[in-house]
Amino acid sequence: MPAPASPAPPVSSSVPGPRNPGPGDDPAPAHPPGRLALSVAATSTQGAGGRGRRLSCTVALAVAGALAAVTVGSAFVLDLLPGSGKDANNAGGDASHEPPAATAGTLPQRYVGTWEGRAAALDGKLPLGTFRITIKQAKVGEQLGRLRQTDALGGVCVDVITLKKVTEKQLVAGSVGAKGNHDGCNPAPTTVTFTPVGDDLDYASKSEESGRPEARLSKVG
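Have a look at this one:
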């Protein structure tokens with residue numbers, strides 16, 4: 501903003517006094533020297549998709565004083581206009597890009613590998629020995645792997661695991677006894693889940709006949 505004008509020196513007695521303006525004299529200026537008159541009108545509308553703005557600004561400057569004061573004043577005014585300076589830069593920096601979501605039905609690499617752990621049924625009261633499965637890449641409807649149960653006496657039962665659904669939290673699969681199992685194995689189909697817990701997988705079966713087996717599986721290969 502221009503500095504206020506310095507007080508005028510006292511008028512010497514030898515200088516004639518002021519006279520009344522005649523008909524041909526120019527009227528006094530609307531703004532005294534050294535003052536800045538400013539009017540700003542700004543409108544903004546939102547573009548398609550919420551991006552970008554159209555601005556219409558009218559800036560009128562009436563300046564009496566040094567040219568340097570006009571330059572400083574104009575720069576200050578333009579910095580206040582919407583969409584200029586830091587506001588424009590900040591607007592561009594606010595945009596955030598979220599990573600694309602995983603394709604539905606795709607088997608995350610986190611599940612692939614060989615898993616093994618101790619299993620139990622009836623809420624942990626009945627030990628079932630060791631469960632082992634090698635999970636491979638598969639699409640919905642394809643075989644995910646074969647679960648091998650080895651009990652304390654060395655008996656083995658094998659279940660064929662088929663992928664049914666992939667969710668954000670777990671794998672859902674169908675399980676059915678493989679051909680060639682001995683009579684002590686349960687051949688009935690059921691639903692099982694594999695849920696990540698830290699670096700492990702929690703296996704859970706809904707088979708009531710088998711006592712709803714569960715196992716904590718650790719990656720071994």
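Mapping to this note's numbering: the sequence shown position 79 is 579, numbers consecutive. A virtual CB, placed ideally from N, CA and C, is assigned to each residue, including glycine. Given the structure is predicted, the values throughout are model-derived calculations rather than measurements.
Item	Value
Simplified DSSP assignment, three categories, for R712	coil
Minimum length 3: unbroken beta strand (DSSP E) runs contained in the stretch 645-687	656-666, 671-677
Three-state class that DSSP yields for Q609 in the structure shown	helix
At least three beta-carbon pairs within less than 8 Å, the stretch 671-688 to the stretch 617-624	no
Distance between A688 and S710 (C-alpha atoms, nearest Å)	10 Å
Residue(s) in a DSSP beta bridge with Q643	T662
Range covered by the beta strand (DSSP E) that runs through D700	700-705
Buried or exposed (CB count within 10 angstroms, at least 16 for buried), E699	The sequence shown places Asp at residue 699, rather than the Glu named in the question. By the 10 Å Cβ count, D699 comes out exposed.
Cut-off 7 Å between Cβ atoms - residues of its own chain near P696, not counting five sequence neighbours on either side	R610
Residue from L644, G629, K636, G677 with nearest C-alpha to D651	G629
Collapsed DSSP secondary structure at A638 in the structure displayed	coil
Which residues DSSP lists as bridging V692, in chain order	A673, S705
A595 classed as buried or exposed, judged by whether at least 16 other C-beta atoms fall within 10 angstroms	Bear in mind that the predicted position of A595 carries a pLDDT of just 40, short of 50, making it unreliable; the figure below should be weighed with that in mind. A595 comes out exposed.
Three-way DSSP call (helix, strand, coil) for L622 in this model	coil
Nearest residue (CA-CA) to R712, options V720, T690, K719	T690
Pairwise C-alpha distance: Q637 and L607	6 Å
Paired residues, beta bridge with V697 - DSSP	D700
Minimum C-alpha distance to R648 - residue among E668, F694, C657, E642	C657
Where V666 falls, given that 16 or more other Cβ within 10 Å makes a residue buried	buried
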